[in-house]
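Numbering (this note's numbering), first residue to last: 289 to 613.
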């Protein structure tokens with residue numbers, strides 16, 4: 289009989305064949321609750337589940353439900369049937385746990401190219417609310433922009449402008465993705481922006497290839513002195529960060545928020561902002577960059593694919609958790 293460790297090893301080998309950009313290790317939560325099921329031929333599949341509660345007025349509550357039940361499947365070589373039977377077992381586990389009927393969700397993060405598992409997730413009511421997409425430095429994008437728009441790094445005095453543009457993006461994303469418009473969101477954003485704009489060098493002493501300090505890249509686009517676009521970014525070193533379970537090893541640039549005022553879209557502001565950001569990432573020696581976008585957003589998938597990003601992981605959700613079928 290196949291053990292959980294064997295299922296993990298078989299699954300990881302399949303992941304590597306399917307998408308070489310996937311990391312060497314599949315993440316499993318510490319202290320997760322096991323869930324088991326059997327295929328039609330009697331062979332087992334397994335997984336671990338983790339329950340997370342987001343405190344009120346926490347930054348994470350802006351892009352997540354308060355109660356999240358996440359499944360980490362171990363399916364071996366049976367992505368479709370294995371996911372199907374395991375989700376049935378997951379539903380029975382949620383019934384025992386008495387998951388709340390409001391502000392709750394089920395979550396499965398799975399390789400985007402594993403379409404067999406995608407079919408099973410759709411059949412059980414999951415929706416692909418977000419994608420983690422990556423870009424390698426080898427990608428080059430031509431940009432053309434009218435000279436009336438100026439690009440510059442944001443400074444501490446720009447807090448109000450950065451927060452306003454970030455809130456516009458949050459409000460739009462809440463209509464097409466996982467973001468949640470909560471009371472106090474602007475205050476949470478303001479605190480995060482103040483910290484980011486005070487950063488003088490990257491985390492853990494990250495420096496440019498020429499030895500100069502490399503701070504968090506936060507860029508503003510201005511027309512006639514008015515901020516019309518924002519690119520708010522940061523750094524993740526996967527050798528020392530939990531996101532290393534989803535990305536390859538090394539220093540990655542992270543695109544946290546790109547926002548362009550609605551009346552200014554379509555003339556290249558977003559492309560030019562990202563060109564400046566990618567230059568920062570490359571100068572710091574990043575192995576690549578990543579971001580999350582919403583597949584249901586009518587603007588972002590096309591835009592990000594044209595910037596050289598492609599899906600690596602898809603975040604499948606059901607809201608509320610009790611809607612799992």
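All C-beta atoms, glycine included, are put in the ideal place defined by N, C-alpha and C. Keep in mind that this is a model prediction, so the values were computed, not measured.
Listed in chain order, the beta strand (DSSP E) runs fully inside the stretch 391–442 are 392–399, 415–423, 437–441, counting runs of at least 3 residues. Bounds of the alpha helix (DSSP H) holding residue 571 are 557–571.
Using a Cβ distance threshold of 8 Å, residue 454 and residue 518 count as a contacting pair. Its chain contains 558 as the residues whose beta carbon lies nearer than 7 Å to that of residue 591, once the 5 sequence neighbours on both sides are disregarded; these appear in chain order. The stretch 558–576 makes no contact with the stretch 347–356, as fewer than three CB pairs between them are under 8 Å. Here DSSP, grouped into helix, strand and coil, assigns residue 592 to helix.
Using a Cβ-Cβ distance cut-off of 8 Å, the stretch 445–459 and the stretch 467–476 are in contact, since at least three pairs of beta carbons, one from each stretch, lie closer than that value. Taking the C-beta atoms as reference points, residue 303 is found no nearer than 8 Å to residue 416. According to the DSSP secondary-structure assignment, residue 326 is paired through a beta bridge with 332. The Cβ-Cβ distance between residue 315 and residue 378 does not fall below 8 Å.
Its Cα nearest to that of residue 291, the residue 332 stands out among 332, 437, 397, 607. Beta-carbon to beta-carbon, residue 508 and residue 442 are separated by about 5 Å, close enough to satisfy the 8 Å threshold.
Assigned with DSSP and collapsed to three states, residue 456 falls in helix.
With a threshold of 16 other beta carbon atoms within 10 Å, residue 337 meets it and is buried. Residue 560 sits buried, since 16 or more C-beta atoms from the chains shown fall within 10 Å of its C-beta. The three-state secondary structure of residue 310, taken from DSSP, is coil.
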